[in-house]
Every structure is written in C-alpha cells, then in structure tokens.
Amino acid sequence: MASSVLRFRKLCFIEPAVKSSSSCSSTETTSDHNIGNFVVLEEKKSKKIKSKNISSVGKREWRCIDSCCWAIGCICTAWWVLLFVCQCLPATLPVREAPGERLRRDEGLAVLHPVVLVPGIVTGGLELWEGKPCSDGLFRKRLWGGSFTEIFKRPLCWLEHLSLHNETGLDPPDIRVRAVPGLVAADYFAPGYFVWAVLIENLAKIGYEGKNMYMAAYDWRLSFQNTEIRDQALSRLKSKIELMYVTNGYKKVVVVPHSMGVLYFLHFMKWVESPPPMGGGGGPDWCAKHIKAVMNIGPAFLGVPKAVSNIFSAEGKDVAFVRAVAPGVLDSELLGLQTLEHIMRVSRTWDSVISLLPKGGDTIWGNLDWSPEEGNSCDLDKKANAQLSTGDVNFNHSDGTRGFRVKEPVKYGRIISFGKAASQIPSSRLPSPDLKELLRLRSSAGLSLSCGEVLTEYDEISRESIKRIAENKAYTAQNAFDLLRFVAPKLMQRAEAHFSHGIADNLDDPKYDHYKYWSNPLETKLPHAPEMEIYCLYGVGIPTERSYVYKQSPSDKCKSIPFRIDSSADGEPDSCLKSGVYFVDGDESVPVSSAGFMCAKGWKGRTRFNPAGISTYIREYRHKPPASLLEGRGVESGAHVDIMGNFAFIEDVMRVAAGATGSDIGGDRIHSDIVKMSQRINVQL
Amino acid sequence: MSFLRQRKGKFPNPEHQNGDGDDDETTKKERESRERKQREQEEETRRRIRKRWSCVDGCCWFIGCICSTWWFLLFLYNAMPASFPQYVTEAITGPLPDPPGVKLRKEGLVAKHPVVFVPGIVTGGLELWEGHQCADGLFRKRLWGGTFGELYKRPLCWVEHMSLDNETGMDRSGIRVRPVSGLVAADYFAPGYFVWAVLIANLARIGYEEKTMYMAAYDWRLSFQNTEVRDQTLSRIKSNIELMVATNDGKKVVVIPHSMGVLYFLHFMKWVEAPAPMGGGGGSDWCAKHIKAVMNIGGPFLGVPKAVSGLFSIEGKDIAVARAFAPGVLDKDVFGLQTLQHMMRMTRTWDSTMSMMPKGGDTIWGGLDWSPDNCSTKKKNNGTSASGQKGTRNNGSAKGVNYGKMVSFGKDVAALHSSEIERIDFRGAVKGNSLANTSNCDVWTEYHEMGVGGVKAVADYKAYTAGEILDLLQFVAPKLMARGGAHFSYGIADNLDDPKYQHYKYWSNPLETKLPNAPDMEIYSMYGVGIPTERAYVYKLTTPATECYIPFQIDTSAEGGSEDTCLKGGVILADGDETVPVLSSGFMCAKAWRGKTRFNPSGIRTYVREYDHAPPATLLEGRGTQSGAHVDIMGNFALIEDVIRVAAGATGEELGGDQVYSDIFEWSERIDLQF
C-alpha cells in the first residue's frame, strides 16, 4: 500500500497540473474550468491509455511525436520555400560563358563534320531486357547508371543480373542486360553527374543534333569482339558512320572516344578493315574515306595500373582510403554483406576489364629497378596544385626545394609489392620470382573444402599458396600477369582469348590478323589513312595510381579476399607513397605515360605502328580544381571524367568538328614530362 | 486512502508534498492561498506556451504529419513486392490471362524477323535542341510527350517553339525541335499512358531487343518529304532496315506502322524505290528484298474526317463535348488565353495534318445524297440483323443523316436531300472587310483576314462533301493549303502510269500510287471496330463573344434523337476505332489492293484483321486488353498475338486470314472505283 501511495505521489509530483485535477482530485475538477477543459482535451488525446502510470509516459511520448511532426513540418516548409525561391531566381547564374555560345557568336563556327562519341567503361547505362523473377518490374529500366536504387532494394538480385557467364563471358541463361542506346546512354551517369552532356550541349550550340551526332553505346562489360557477336555493335557503328557520312554531304566523321572507348575504337578500326568472317569487310581504305580525326580523351592506350589492383583485390585508392579512415567497415561481416567479395565476383565476369591491364610489359612499365617515370618527382604535381590554388610563392619555393631531397627514385616498376620495404629495396635483395612453380602448385592443390559455398576464386586457392604469393614480394607489369593468371584463372583464360598485352616484334606476322591484338596499339598498325589525325587529349596534374603496396589480409576466414592494399604504408610527407599507393602524374585514373606515349612517340611520324604517317597531336590540360562550390565539377578540371566539362578541351573538340586541323588549334600542348618519359622507353619503332 | 489521494492531488508543489504527511491541516488557509496563486501562475505559463504553440506551429505540425505519413506510405509502397498489384487484381477479377508474349513463348515462338515501328502523329516525343531565350534550360528536354510540364509553366513560349514556319513548313529561325530517337520516342506518350510499350514488352518476351527492334521516329509535324530534307529521316530508316536485315542473317523486317505512320510508310516505300535526287535510290526490288510484311494498325489510308474539323475549327468530338458541358469556358477571354486560337495557329503550321485529309473525294466518301457506309452498323453489331438495308444505297430519302455531307451548316441541312438545299457558291466571295480590328488580337489566325463576307459565304454554301471540303479549306486557310498542296494530294489517279505520279506529293496517297513490286510481301490492315467514330459534322456560326474568335464551331445542340442515334452533339458518328472510320482503314485491304489491281500490280496479299472493341471490365484493367480504340488497341492482346506470330515467321494464312466484324466488304462494293 505504502508503495502505491508513494507512486501516486510521485505521479502528481511529476505531472502536477494535470494530475491534480484529473486523476487525483476528481471532485474538484469543476472548481477550475480552465484546467478542467484542458485536462479533458488531454484525456481525449490519451484515451487508449489505461493505467495512470502508462498514461503519463504515453503523454510524454505523444509530445515527442508531436514535436517530431512539428520539426519535420518546419523542415519541409523551409525546404519548399527555398525550392520556390530557387525556381524564381533567374535561371542563369553568372558563370563563365560556355565555349559553344562564344565560338558561334565570335567566330561563326558552324556544324561541319558529324561527330561520333564512344563512351568508356562504367559510364554507359545498361538496361534489363529479360531477367529472373526477382527483377520483376524492371523491364527496360536501367540497372547501371541512373539512380542505382535497385542496389539498395535488391542487392543480390542486382549483382546476379549484372554478372556475365563465367565460362563464355556472354549472357548468363535467362538474363539479358543490354546497353542503353542513343545519346542518353552516357550523357549523365547519375542524375546531375554529367559525362558527355556538357560536350553535347556545346556542340548543339553550333548546330549539332541527333542526325550528326551519334553515341556509339556498347555493352562495356563484354570483350570488344563479343559486342559484335552478341549485339552487332561494331556493325551498327560502321553502318551509322557510313550513314552520317552520306547524309551530311560526304563529310568525314570526327570520332571522340573516351577512356576504354579509345581501345574500343582502335579495335573497331582494325575490325572494319578486316575481311568479313572476323571483321567488317570495309576494305583497307574505309578509315581514310570515313574518318577525319580520332580525338582520344583520357586514352588508356597502354592500360592502367588500377586494373591490376581491381582484379587482384577489388580495391583501388578509394577503397584503401575508406579502409584507413574507418577500418573494419568494409570487411565486417555484419549483415553478411561482404561487399568487396561480391564486387570481385561480379567484376571478374567482365572481360572488358582485361583490356585495361598494362600493356607492353616491362618495356613500357618498367622492371624491378627501372621505370620510365623514374626521375619524376611527385612534388611536381603538388607544386602545380599549390601554385594554382594558393599562388603562394614562398610555399611554392620551399616545396620545390623539398622535391629535390628525394634521394632514391621510386621503383614504379614494381606494380605490386608485398610490404613497404619490398617496394624500395634493390632488386638484388628480393627473392627471385618463382611463379612457374606456383602455377604448378595450383593444379596440384586441392580445394580447401572447409569453406562451403565458393564465393570468389580465392576460396579455391590454398592458404599455403597464398603465402607463397606474398613471399614473392614484388611483381612487375610482366609477371603481374602470371600472378593474375594464378588468382583469377577463369577470367584470364576467358579474356586472354580476346586481348593481348605484349609488344609485337614483327607486325606483318599473320597471327596479328586475329582480333585479340586489335585493341593493343603495340601489336597493330594504324589504318592506311594519311589524312586522318589522331589526338591524345588528357588531363595532367593529378596524382594517379601507379603501383601498390600490398599485405596479407589479417583475417584468415573463409570467403574473404586474402590480400589488400596496405593503407598504413605512407612515405615521407612529400613522397609519392600514400596509403599504400605510389602516385605519378596523370588524370587520376590514367598515368601520363599510358595516355601520351603512343601520340608522343609510338605513332609520331612514320613508325612501324603508324606506317601511313598519320599525324598525331598531344593536347594536355593542366588540372585546376573548381574555385568555388558553385562551379560544380569545374570548367578547368583535368580529372578523367570531369575533363569532359573542361572548356579548353571542349573548344578543341568543337574547332576540329567544325573543320580545323591539329595545327590550326595549335599543335601539341604539353605540360607534363611525357616527351622525356617516352624517350626513356626503349621500343623499336 | 482515497482521502489521502485527494489531498495529494491538491498539493502539486513538492515542498508541500513533503510536508504533507507531517503536519495535517494546520496551515490550511495559508496553503490554499498559496496553492491558488501557484495554480494561476502555472495556468498563465501554460497559456503562454499554448499561445506560442499557435497557428504557425499548428501548420508545421500538420505538414509534418502529412509528410511523415506520406513518407511512410511511400516506404511501404517501395517495400511492397513488385507483384503485389497484380496479386490484388487477380484476387478481385480472377486469374488474368497470360500476356501474349508469355503465352507464345510457351508455344516455342522465338524472335525471327526484325521489327520496325513507325509511330503516328502526336504520339512521338519531340525535344528541344535550340530555342529562344524563354526556353532556357530546356535543352534536350521533351517539349512534346512526357509530362508536358512546360506547357503550364510557359504556355506562350511552348506554343512558339512547337510551331513551324508559316511559309516554309520547316523550322522557325533560332528554333530547332527534333524528334526523340530510339524506342523511348513513343513507348509511353505521357507517364503511365502507353503507346508502344506493351507491344515492346511482349516482343521482348520472345527474345526481341534493341538490335532487332527499331522505332522509326520522325518529326510528325513536318510533311513527309520534309523529314528527309531536314533530318534525313527516310535515309536513316532505309539504312537501319538494311542494317537489321544484314545483321539478322538476311531475315526481312516486319514493319508495324500506326495511325499516320501508315501513310508515312507508304511514302517511304515509294521514296526508297525512286531514283536518287528525289528518292532513296534503292531500286524497284528494295521492298521485296527487305520487307516481309507491313502490319498497319489503325491506318487512315483514306484520311480521317477529324482532320477536317481539326483544321476548320480545331475542334473534334471531345472539344464539342466540353463546350456542351461548360459553354463559354473554352471561348472565354479570361486570362487572355484564347486557347483555341493559339492551338489553331500552331496546328496550322503543321503540314503533316494535311496528310490525313479525306482522300478520294466523293467517290470514296459519298456525295450529297449517298455514302458507301451507313448508320446501321452499331445496331447490327449489337445483334439485331439489318439485312434489309443491305444492298440499297442509303440515299437521302431514307430517314437519318447522310454521311456524304461532311460539313453541313445546321442540322436540317444535314438531313435534307440535295435538291432541297439552296447553296450559294462561296468560291468567288470577296474577302476583306476585316472581321475584327486585327491589331487587337494577340493571336493571328487566317480567319481574321477573311472578313465577314467570307464567313457568311462559307456558311451559305450549307453543305460540303469530301471533295468540296478541299475547296473550303483552300478558301479559309490558303497558306496551309498552298504548303500542303505541294506535299500531299487527295485525288484518285486515272492513269497510274502518268509520269506526274512520280512526284513525291502522290506517294502517301494509296489511290495515286502503285504498291511496290514485291509479290512475297504481305499487307495487313488491323484496326478496332465497334466504337462510334466521327464521320461528319454539323456546324454553326459562332456568336461573336470577343473580337478575336474562330467564326465556326460545331453545333452541339444538334442531336439525332432516339430514331437516329448517329448524330450526337453535332457530330455524325459511324463505326470505327474512335478516330478512323472503318471505311478509311479497311477499304484498301478489303478491295482496292485485293488481288491484282492497278493499285497493286504485283498482287501483294492483303489481310483485314478487325478487333471488336470491348471496354475494360473493371478499372483495375486500366485501358483494357480487348480495346479497339485507336491508341488503346496497341494493348489489345489479340492484336499483339497476331503481331508476334507474324514477327516469329507466320504468314497471314496461318493467322486465319481475314477477321471481319464490320460491313467493310459490303461498303467497299458500293464504292465505284475502277481497279
């Protein structure tokens, strides 16, 4: 009894005003009308609640919901008001005038040559045409590109539909995912994230439209020749170019490929010349007849080191960075997500990734002790950045002096090394690589059946051989292939039937008629089209991944990737090593040497790779980050994708499309050390 | 206990509570007074709080509530499995039939012939490529199709950009509006309003995809030849068809044109054969080599009467109905909208509307006193046999209105025999005498030039047959007709070998062209029947509400009454698919092209496939799977099945040949045309 009394007292104490009249002194409620009324109201609101104890709690809860609603209401209203104000504001904020408008007004530029846009990997949209029951209602909806909402709604279903068949590299049964056609395929990757949209808009200003601008969308997951086998993408491209050539008064086309699209178009040029069963049967003069210029943007001619780390451990700089900031998040098995493992499994079914592996082996990318970027000090990039962003001369100066303090050149040639030390010690102290044995080991090593369902191919590799891989310490571009063949046997087996990564000794060897060589500029000749022009347009001034420091993953669990980038490996504050990644100059994805070498040396003048002497031009764009947030992704960016919004770049493309030649727009424009680097590369020309 | 409780209630103040147990009622008065003060204070603070928690907060709270519930519902909706709506539908209406694609896939049908879609007028999307200041930010956004959001935001700007040049029929300076390309051009007209989407989805079930399906989108505002001149659309279609045939092991394409696309494709077939400067230079066997079948859906081969009223006073049944319900709304000058006038000025710059004018004149559409079709169809469809009327011409002496008078002024005129109508020729009438002070009109239509005399002369002529309609339009819209006349022709050829028929203006008129020399090709005419369709109009003069107005409008008060159900709201209705009368969509395949005729010298086989309209049983069915309406028929399962079978390789015979519900064969017999 006493306790109940106490409780009541407490109640009244807590809710004095209300309780005093409502529950405790029911006889006196009439004495005070105001309170009474209020109480009645309150009582109504909390009708359901039976015991007084709960009633008071309930009421407080109600208050909470109340204020929640209120807060949400406030926010919504404010949002709407802001939105309304935004709408009312004049649509044109004072930004720099787009080059299209200016060139039309000042110089009278007008549409002349039809333009073909070739998108790169990842940026093209993919849509569903046939799927498993889990993908109900997604018919002709974008699975890739757009808002990516399906990832969150049904992640496993999404992954299943984006995977290709592990054996054939084509569609898995009952699933058909196809490239989105038309300009919408890659104008925006996600809402608000432009890829080609800015260029398209500027071209439209001088008169381009659907009939003289064509987006050569293809399924970027397939190997290049398979896009023809499955979708006839190359035939369509050929037919479209021929059509545009005819319907636009027999004006040759200007082709603008981006990123992997560059390799795709190299493949196309060889395909179109080859005789029908394998090729398009256009004859040796097709390119000369139909193509005015190929303006390669951010070309990955010789591959990108990123592709190695991607296949090896499904990570890159960004993932390593996330890991450093929030260790454990990506690897946690909470919710059984295993994000990286799933990504690895899916991306290893995409043959096209292989086209981006470094080409030319040690000759191009350097060996254990040597690399063409050798003399390159990383501070060059940073200096440029600092100069542009702060303009502080003193800082600049000190930075420069620090740059000279680097004693030992970075050994970029070791694309993968295990441990920071292994990336720096002289090669004599490295254990000699013995990959042949490893490969043999693989066949003998049985499956470790302890892990139930096989998630990635790593589950099929014994722990022992994983240790052996790590013991090997350092891998160059050349023997990185052996490594990948070991860890991703299916992918490499499939893809190496479609791509080759060597350097040809004798280009007239009939074996080079096979399509697997067509996308490698070091194993093909350019078409016989002396009037054609080839441009290499790319950004510089951004640290770009070049080689990686790896470690063995601490977790010995099943179904995990046994290697990861050692994000703890940091060099001196101004060195090139950051979070386990060595950086060089580039456009954030493609190092300068890969983007520029062919135009700077491999094809310059009349070489064996360029027997017709097609003129080549290098146009580099120094990266300048956007000055303010209002500029969005900047109009002077040099980053791999953002460069598509770079005004200087757009102007170059427009001038060429409107009829200018390479020398008209100023010939080469070089900011980086590409010429020096190219000279160090010893390829017979 | 209860006493205690009561007492406790009186002492909210903690200090008092504490002291409560010890000293009882000693300082009662003191306490009471203090208590009261305290209560008042509390009350005041509460009032203050409540005052602050006032209107604005209430609003915020309310909005918050709504938003939260909305989000919650949205969340539920998103979390809902995708098959849920179907599940509910099935629970209510019983199991749905398999969509034809699924059904036929079970039968083992797979994609074989590539498919080309040719959309009709209005359904294709148009997007902006270059515009004036007012269209800022609309680059590559849809002006036509989609949500039509811009129509509300900036109506005048929209009208300006959608119009073409009044002289040339091409782009106005500084404006480039272009057709959307790809399947998205016409899969949905507006969000949720399918056009081709259902057909595409069903074709995809048996293996079709982007590489085997092609949407031949074109700018449907231009005259057909101008689409080639400006956009090289015909060349693109040719190149795409060639590509599809080449990449699909030489399998010929199945072409599926809809509505005006039917005429467009007729034009294309002539164009592609014609030699290079004017045509595509494909040679005379191009069609035989590349086309397996042309499956015309709701094809207005001989035009539609709707086009007449559309051009004459830009109204149709729908607008007339709106007018009958709410007289004055459309014509009001409130807000200075002048909607109809703006619409008229815009649509009159679109040459393509001219392609849908009734063709063949009185021979096809009937004279003042007879017409091939009659009003009894509806009844017959409903079961009551009307065999007695068969064979006899529905002449003027019979009761009811006459279809032959396509436009008549006054209901009486519509019903009278020709001998009783007094007509005064309008052709010589003097224009001028400006109808209104044109400077007052924001919107300029050609009516303002015509003057009172002209308007009166038009009305005095009383009745117009299909042939005379052309003269009428020549009179009221000279510019449009001058432009249109250069691109389209509406006659019947006496001698098809006359070299003048090589000109492109005849190519879209089936009565003035020969079909290509492709004996293996098949031509289907597929259309819905069983829906009253506009066939002729009763007009009246507008009582001038404002200075600037359209002087003619449909006389919505003209009702046929119980015995003559064909006249409703000033519109005389016939059997059809709501837009195209059966006569227009069926005649060519039923008679003029049947067998070896002069219009079809190589004897291309033709099939008439009619689909009887059945409205959707419940709201859940949406636009129905058995609809026969002009656009909704694209969701008709029977039609889709036919299309899929042909695309998968079947011939017309295998489909079951003709499938006819209407009197089209009988009517065709009545048309006196030399074959």
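Here the protein sequences line up with chains A and B, keeping their order. One point on numbering: in full-length UniProt numbering, the residue at position 333 of the first sequence is 333, and numbering is uninterrupted. One point on numbering: in full-length UniProt numbering, the residue at position 145 of the second sequence is 145, and numbering is uninterrupted. The beta-carbon is built from N, C-alpha and C at its ideal position, and this holds for glycine as well.
_Using the three-state DSSP reduction, which class does TRP144 of chain A fall into: helix, strand or coil?_
In this structure, DSSP gives TRP144 of chain A an extended state, which the three-state scheme calls strand.
_I'd like to know if ALA204 of chain B contacts chain A, where contact means its C-beta is closer than 8 Å to some C-beta of that chain._
Yes, contact with chain A.
_Sub-8 Å separation of PHE599 of chain B and PRO510 of chain B beta-carbons_ = Yes, they are a contact pair.
*Kindly indicate which three-state DSSP category SER417 of chain A falls into: helix, strand or coil?*
The answer is strand: DSSP assigns SER417 of chain A an E or B state.
*With distances taken between CB atoms, is the gap from SER163 of chain B to ARG172 of chain B smaller than 8 Å?*
Going by C-beta atoms, SER163 of chain B is nearer than 8 Å to ARG172 of chain B.
*asked:* With a threshold of 8 Å between beta carbons, is TRP158 of chain A in contact with chain B?
replied: It does not: the Cβ of TRP158 of chain A has no partner Cβ on chain B nearer than 8 Å.
*Take every Cβ of the stretch 662-669 of chain A, pair it with every Cβ of the stretch 564-583 of chain A, and state whether three or more of those distances are shorter than 8 Å.*
Between the stretch 662-669 of chain A and the stretch 564-583 of chain A, the count of C-beta pairs closer than 8 Å stays below three; the two stretches do not touch.
*Which bits of chain A does CYS65 of chain B rub up against, with CB to CB less than 7 Å?*
The CB of CYS65 of chain B comes closer than 7 Å to the CB of CYS69 in chain A, given here in chain order.
_I'd like to know if LEU685 of chain A contacts chain B, where contact means its C-beta is closer than 8 Å to some C-beta of that chain._
Output row for LEU685 of chain A: interface = no.
_Cβ-heavy atom distance, LYS211 of chain A to the ligand FAD, below 7 Å_ = As presented, the structure is devoid of all ligands, the ligand FAD included, so that no description of it is given.
*Is it the case that the Cβ atoms of PRO358 of chain A and ALA595 of chain A are separated by a distance below 8 Å?*
PRO358 of chain A places its beta carbon 8 Å or farther from that of ALA595 of chain A.
*How about ILE416 of chain A and ALA480 of chain A: do their beta carbons lie closer than 8 Å?*
Yes, they are a contact pair.
*Would you mind working out which of A:VAL410, A:GLU201, A:ASP171, A:TYR250 sits nearest THR227 of chain A, comparing C-alpha positions?*
The shortest CA-to-CA distance from THR227 of chain A to any of A:VAL410, A:GLU201, A:ASP171, A:TYR250 is the one to A:ASP171.
*asked:* Quick check: what's the CA-CA separation for GLU666 of chain B versus LEU583 of chain B?
replied: Going by the C-alpha atoms only, they are around 10 Å apart.
*If you check the beta carbons only, do LEU183 of chain B and GLY101 of chain B fall under 8 Å apart?*
Their beta carbons are not under 8 Å apart, which means LEU183 of chain B does not touch GLY101 of chain B by this criterion.
*At a Cβ threshold of 8 Å, is CYS74 of chain A touching chain B?*
At least one chain B Cβ lies under 8 Å of CYS74 of chain A.
*asked:* One question on the structure: do GLN553 of chain B and GLU315 of chain B come within less than 8 Å of each other, judged by their Cβ atoms?
replied: Yes, Cβ-Cβ distance for GLN553 of chain B and GLU315 of chain B is below 8 Å.
*Please decide whether TRP271 of chain B counts as near chain A, where near means a Cβ-Cβ distance under 8 Å.*
It does not: the Cβ of TRP271 of chain B has no partner Cβ on chain A nearer than 8 Å.
*How about the stretch 164-181 of chain A and the stretch 106-126 of chain B: do they share at least three Cβ pairs that are nearer than 8 Å?*
The answer is no - the stretch 106-126 of chain B does not touch the stretch 164-181 of chain A, with fewer than three Cβ pairs under 8 Å.
*Report the neighbours of PHE224 of chain B on chain A: residues whose CB is nearer than 8 Å to its CB, in chain order.*
By Cβ distance, chain A contributes nothing, its closest Cβ being about 16 Å from PHE224 of chain B, past 8 Å.
*Just how far apart, CA to CA, sit VAL253 of chain B and PRO114 of chain B?*
So the two alpha carbons sit approximately 5 Å from each other.
_Test: ARG31 of chain B CB closer than 8 Å to a CB of chain A_ = In terms of beta-carbon proximity, ARG31 of chain B stays away from the interface with chain A, with every pair separated by 8 Å or more.
*Going by C-alpha distance, which of A:GLY419, A:HIS267, A:ALA497 is nearest ALA569 of chain A?*
Answer by Cα proximity: A:GLY419.
_Of the listed residues A:VAL254, A:ASN166, A:LEU234, A:SER67, nearest to VAL116 of chain A (C-alpha basis)_ = It is A:VAL254.
*May I ask you to list the residues that DSSP assigns as paired with THR476 of chain A?*
Under DSSP, the beta-bridge partners assigned to THR476 of chain A are A:ARG414.
*Rounded to a whole number of angstroms, what is the C-alpha to C-alpha distance between PHE189 of chain B and PHE72 of chain B?*
Each residue's CA atom was taken as its position, placing PHE189 of chain B and PHE72 of chain B some 30 Å apart.
*Output the residue ranges of the alpha helix (DSSP H) runs that lie fully inside the stretch 229-270 of chain B and measure 4 residues or longer, sorted by chain position.*
Complete alpha helix (DSSP H) runs here, min 4: 233-247.
_Within chain A, the residues that ARG236 of chain B reaches when beta carbons sit closer than 7 Å_ = Under the 7 Å cutoff, chain A gives LEU243.
*asked:* So the candidates are A:ASN646, A:ARG176, A:SER567; which of them puts its Cα closest to the Cα of GLY207 of chain B?
replied: When each option's Cα is compared against that of GLY207 of chain B, the closest is A:ARG176.
*Please list, in chain order, all residues of the same chain as HIS165 of chain A whose beta carbon is under 6 Å from its beta carbon, the five residues on each side excluded.*
Around HIS165 of chain A: PRO172.
*Whole-Å CB distance - HIS623 of chain A paired with ILE542 of chain A, under 8 Å assumed*: Yes, HIS623 of chain A and ILE542 of chain A are in contact; Cβ-Cβ is about 5 Å, under 8 Å.
_Other residues of its chain near ARG605 of chain B: CB distance less than 7 Å, five sequence neighbours each side excluded_ = Closer than 7 Å at Cβ, skipping near neighbours: GLU522, GLY652.
*Going by the beta-carbon positions, is the gap between PHE224 of chain B and LEU473 of chain B smaller than 8 Å?*
No; because the gap between Cβ atoms is not below 8 Å, this pair is not in contact.
*From the beta carbon of LYS251 of chain B, is the nearest beta carbon of chain A less than 8 Å away?*
For LYS251 of chain B, the answer is no, since every Cβ of chain A falls outside 8 Å of its Cβ.
*In chain A, which residues lie less than 7 Å from CYS60 of chain B when you measure between Cβ atoms?*
What CYS60 of chain B touches in chain A: TRP70, GLY73, CYS74, THR77.
*Could you give the distance in angstroms between the alpha-carbon of ILE291 of chain B and the alpha-carbon of HIS113 of chain A?*
CA-to-CA, the gap between ILE291 of chain B and HIS113 of chain A works out to about 32 Å.
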